[in-house]
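S.K.: Quick one: the structure is below, questions incoming.
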Amino acid sequence: MADAYVQVTTTTDSRAEAAALAKSAVTERLAACAQLVGPVASTYWWEGEIEAAEEWMVVFKTTVDRFDELASLITDEHSYDTPEIIATPVVAGSMDYLAWVAEQTGPQDTEPDDA
């Protein structure tokens with residue numbers, strides 16, 4: 159496995175925002191796939207207080223090479239001041255699936271086919 163793969167997660171306060179982030183990342187080929195999970199119950203510290211919220215999680219499938227650009231997109235498009243952006247290494251997986259992830263997030267052939 160030449161490429162290194164990661165699953166990147168973030169959470170949002172609405173399904174609509176989660177879906178928009180997923181679509182942007184896949185459209186820009188920063189992720190091959192993005193899955194929405196939720197709602198999930200989150201408990202966390204924020205500005206000195208313990209908060210509880212219902213959130214939506216987005217799980218992006220991508221390569222390590224695309225992580226920085228994906229993190230920038232999430233930061234730029236996210237409504238939170240400090241969005242969760244966590245990358246978890248993929249230590250094993252279906253070679254066919256991982257090859258597909260690499261293909262979808264790699265350079266694309268933009269030349270028209272000779273027909």
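Under the working numbering, the letters of the sequence shown match residues 159 to 273, in that order.
Think of the CB as a built atom: it goes at the ideal place given N, C-alpha and C, for glycine as much as any other residue.
All figures in this text were calculated on a predicted structure; none of them were measured in a lab.
(1) Which residues mark the beginning and the end of the beta strand (DSSP E) in which Glu207 is found?
(2) Work out the CA separation of Ala211 and Gln165 for me, nearest whole Å.
(3) Could you give the residue range of the beta strand (DSSP E) that holds Tyr202?
(4) Could you spell out the range, first to last residue, of the beta strand (DSSP E) harbouring Thr240?
(5) Alpha carbon to alpha carbon, how far is Tyr238 from Ala192?
M.R.: Let me lay it out:
(1) By one-based count along the sequence shown, residue 207 stands at place 49. Looking at the DSSP string, the run of the beta strand (DSSP E) that includes Glu207 is Glu207 to Thr221.
(2) Here residue 165 refers to the residue found at position 7 when the sequence shown is read from its first residue. Here residue 211 refers to the residue found at position 53 when the sequence shown is read from its first residue. Going from the Cα of Gln165 to the Cα of Ala211 covers about 23 angstroms.
(3) Here the question's residue 202 lines up with position 44 in the sequence shown. Here the beta strand (DSSP E) through Tyr202 covers Cys191 to Trp204.
(4) Taking the sequence shown and counting its residues from 1, one reaches residue 240 at position 82. First-last for Thr240: undefined, no H or E at that position.
(5) Indexing the sequence shown from 1 puts residue 238 at position 80. Indexing the sequence shown from 1 puts residue 192 at position 34. Using only the alpha carbons, I get a separation of about 19 angstroms.
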